[in-house]
Every structure is written in structure tokens, then in C-alpha cells.
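Trainee: Would you mind keeping the following structure in view while I ask a few things?
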Amino acid sequence: MQKAQLLATMAEMSEEKSETLVEEEQNNTKKHKKAKEKIKEEEIQVKIETLGENPNKVSPFVGYFPSGFDPLKNQATAAGEPPQATVRIFRHEKRTNRLQLVVSPNNGFQVDFVGTNYSGEATAPQLCTYALGVLDKQLQTLKIVPIASNKIFRLEPRVGGLDLSVKEPSKEEELTTLKKFEKREALDDIYGTKKAINRNKKRKSLSRKDDPEAQENLDRKFEGVKINKEALESAGMHSSRNTPPHDSSATTPQMAYPLDKIILKGEWDYLVDILELFQHGAEIAPDGYPSFICNRLHRLESIEDEVEKKRLACVFSYINHLVKFKDKYSMEGCSSAKHHKIPSILSQKFSTMFGYSDKKRLEDEKRDLLISYVLVLTLIADDFRTAVPDITKDLRLDSVTVKSHFENLGCKLMIKNKVLLATLPVPLMFPKAKYKHKPKR
């Protein structure tokens, strides 16, 4: 009996719950229907018209008050009368693209709201374009108009009666000529080319002023120092000569300028191009090789020793690569070396030994060293008795310059059968420095 009563009460409770759930569902559906009825929006078919900027008309200005101030609030105006707030637009006299929007509430407080398109928030990067849309329900048109200067003016409060112009701290001060040069040099040091950096260094060295205190310190340090004039003369002559590896005390010309110090052991295998052309009977074009080599190729036929023949052909090839490397970085012969290919092992060696300051020409000191290498190899190829005119033409130099280079190498010059010859006596005797003595008064 007790179990039956419990089951009956539980059944009644479940029925009551089901009735309350049904009522709640019905109420929810009614609420949703009312919300849908409220959400219903009016649909209008409009014709969109986009207007461009017209130089004869002023585009609309858009501004906002970040403080939330409403200038039209609590302004009771009669019917047909305009609101008391006034809006003014100012344009810069010289910089016409600078605009200023001023809103005066005229509510008894001397506070104006000023916004600009060239300072503050307007200077932030802008990744979009603003426009103003005007909807006319009667005519069913939507006109889209660009706003002035594509900026939204942030209207900040300013005390009336003072200068309304927004004066920000000027970052650009009046620069003197010296400061302009300093700023330009600083930019060149960071982003400039090597040519610009070197030009600035030269300008600084030329414009450097003497420091009297530093000069006094140097004078004190050099007091009592003995100067070795002979060492200075020999060092100066060595730098001006730019000679290849040599032995001044050698007893034979071959030992004076040893060939194995000029052409290294691993380079001989890359200098067999002329030898291979000669062995295959191919014609060597005069345009592709220096005249010094073309006038001496017949000597390879008369040499029976294969080792000596390979040695001479490799010397010819080395001379050819040196001359083409010089032409490559000179204004006169760059066209002749345009299609010439130097082996990579030699190209790296030449770039290290005769490194160039820029892509157009070699430095004078490095060019003189290259010329000295070429002249020494011509002496070796002609058994240390060579004719000067051939190599003079190939190096694109005048005879006086080539003669001075031969003399700096310790050579002697003579004329035989109207031909200028260069020989190498041993031991090497380099020319001494000549100083002009001032006449005594």
C-alpha cells in the first residue's frame, strides 16, 4: 500500500512538471516572435552615385569630439533659426594642403574645439579611405562623397582668445651649411656607396684643422729620435718600384726573378690553353691574344724538349691573362677583355694581389705592380733580352712609362737595329732616389 501511494504521488509531480515546461516553451516562442517583429528592417532599393573631388567645390569635413562633448546640447533655438554653434575652416597661406577645423559652441564658455589634418592623430599611418554617404529616401539615392583631405579631424579643446594654431615643437631647426654637410655625411656612412664614403673621407681629411696641443705632443715624442735616411730611401724606392719577388744578390737572371715564385705549382695545369691550340694546329686569332705572344708563337715549333715547350707556352698564357685582367679594369681596353675567361684560381689570385677599389679601374699602385709582373715574364720568355715596342702596345702605355718600369726592375735599355731592347744584368741594381738640393744663398 505504501509503495502504491508513493508511485501515485510521483506520477502527479511528473505531470505538474510537464505542464510547467509546456507553459515555459509557449512563453519563449511568444517572446521570440515579438523580437522578430521588432527586428524587421525596412528594405529600400537605392541608386548609388559616387562623386569625385571637384576643385571648384569644397569637400565635406568630418570631425569628432573624443571627450564626448555635444556642442548642440541644451541649445534652445526658434523654428527656422540655425544653431548657435559656429564652424570655421582655416587654410595655410603657403602650404594649402594644411587645414584647420574650429568649432565654437558659443555656450558662454570661452572654449573652442580645434582639429587639424597635419598634427597629432592625423600623422598616424592611414591604411583606408574615408567617404561620407548621404541617403535620400524619397528619391531613393545614396550619394558617396569623399571627405576633405581624407582625414577625420580630432577636435581638441582650446582656450578662446589665444592663438588657435596648433604649435607643436618644431623638429626641423634652421640648419647651417656645416650641419647639413654633417647630416648628409652621416647618411652616406650608413646607406651610401663606397664612392660616397671615400669622397666624405677625403673631404674630412682636407678640412681637418691643426691641433696645436697635439702638434706639441708629437714634437716632444720625436725629440731625440734618429732618422735612418738610407732605410727611408730604400723603402720609398721599393714602394715606387712595385717589384715582383726577387733576389738582389742573385748571380744569374733566372735566380734574380725566380719563375716558381711568380707562377705557383698548382697554377701550371690551368695555363695549357695556348699549348693545346698549338698541338691541335688551330689558328690563334691576333685579336684574342697580345701582339707580344702572336709574334713569338713560332718559337714553340723549334723547341724539341716538351717540358721547355710547355714552360714557354704557360708563360705566354700567364702574360695573356695578366694583360686581359688589366684591360678589364681600364677604360681603354675593357672591350677586348669582355669575353675573355680567366681561370678561377688565377682570377682569385689577381683580385687579391691587384685588388681594385671600385668596378671601373685599378688603383695606380696595384696597376704598376701588375705591369711589373708582365714585364718580368716578358724578360723570362725572351731569355732576359726583350724588345720593348711589342709589350708597350699591349699594355696601352707610352714608351717613356714602360722604360721607367723596366729601369725600376733593374734592367738596362739599349737600342739595336733601331729597336729598343731591355736586358737584365746581375746582381740587380735598382735606381737610387734623387733629391733636388736647394741652392745656397
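Okay, so the sequence shown: first residue is 1 according to the UniProt record's numbering, each after it adds one.
Even for Gly, the Cβ is constructed at its ideal location relative to N, Cα and C.
Under 6 angstroms Cβ to Cβ from residue 428, same chain only, skipping five residues before and after it: list those, please.
Mentor: 248, 256 and 410
Trainee: Taking C-beta to C-beta, are residue 62 and residue 118 nearer than 9 angstroms?
Mentor: Annotated as distal: residue 62 and residue 118, with beta-carbon spacing of 9 angstroms or more.
Trainee: Compute the distance between the beta-carbons of residue 365 and residue 242, then report whether it is under 9 angstroms.
Mentor: yes
Trainee: Write down the C-beta distance between residue 424 and residue 373 rounded to the nearest angstrom, noting that I regard them as a contact closer than 8 angstroms.
Mentor: Contact doesn't hold; Cβ gap of about 15 angstroms is too wide.
Trainee: Please classify residue 405: is it buried, with 16 or more other beta-carbons within 10 angstroms of its beta-carbon, or exposed?
Mentor: buried
Trainee: Quick check on the burial criterion: 16 or more other C-beta atoms within 10 angstroms. Buried or exposed for residue 386?
Mentor: Buried is the label assigned to residue 386, since at least 16 other Cβ atoms lie within 10 Å of its Cβ.
Trainee: State the Cα-Cα distance for the pair residue 60 and residue 103, rounded to the nearest angstrom.
Mentor: 14 angstroms
Trainee: How would you write the range of the alpha helix (DSSP H) that residue 154 sits in, first residue to last?
Mentor: Careful: residue 154 lies outside any alpha helix (DSSP H), inside the beta strand (DSSP E) at 152-154.
Trainee: So what's residue 364 in DSSP terms, helix, strand or just coil?
Mentor: Reduced to three states, the DSSP call for residue 364 is helix.
Trainee: Less than 6 angstroms between C-beta atoms, sequence neighbours within five positions excluded: which residues of the same chain meet that for residue 181?
Mentor: Within the same chain, no Cβ atom closer than 6 angstroms to the Cβ of residue 181 is found once the five residues on either side in sequence are excluded.
Trainee: Residue 110 lies in the alpha helix (DSSP H); which residues open and close that run?
Mentor: No alpha helix (DSSP H) contains residue 110, which DSSP labels as neither H nor E.
Trainee: If residue 123 and residue 106 are in contact, beta carbons under 8 angstroms, what's the gap, nearest whole angstrom?
Mentor: The pair is not a contact, with the Cβ atoms about 30 angstroms apart (cut-off 8 angstroms).
Trainee: For residue 404, report the span of its beta strand (DSSP E) as first-last.
Mentor: It is not in any beta strand (DSSP E) - residue 404 instead sits in the alpha helix (DSSP H) that spans 399-408.
Trainee: Thinking C-beta only, is residue 244 closer than 9 angstroms to residue 426?
Mentor: no
Trainee: What's the call for residue 116, buried or exposed, on a 16-neighbour Cβ count within 10 Å?
Mentor: buried
Trainee: Could you tell me which of 49, 55 and 70 sits nearest to residue 136, measuring between CA atoms?
Mentor: 49
Trainee: Are residue 315 and residue 395 closer than 9 angstroms when you measure CB to CB?
Mentor: no
Trainee: Can you determine whether any heavy atom of the ligand ZN sits closer than 8 angstroms to the C-beta of residue 300, and answer yes or no?
Mentor: Among the ligands in the structure shown, none appear at all, so the ligand ZN cannot be discussed.
Trainee: Quick check on residue 431: does DSSP put it in helix, strand or coil?
Mentor: coil
Trainee: Quick test of your reading: residue 294 and residue 284, contact by CB under 8 angstroms. State the CB separation rounded to the nearest angstrom.
Mentor: 7 angstroms
Trainee: Round the Cβ separation of residue 420 and residue 400 to the nearest angstrom and send it over; I've been treating them as touching at under 8 angstroms.
Mentor: Incorrect: roughly 11 angstroms between the Cβ atoms, too far for contact.
Trainee: From residue 363 to residue 95, what distance separates their C-alpha atoms?
Mentor: 51 angstroms
Trainee: With a cut-off of 8 angstroms on the beta carbons, I'd call residue 324 and residue 337 a contact; round off their distance for me.
Mentor: Contact holds; Cβ gap of about 4 angstroms.
Trainee: Considering only the alpha carbon of each residue, which of 414, 84, 267 and 52 lies closest to residue 348?
Mentor: 267
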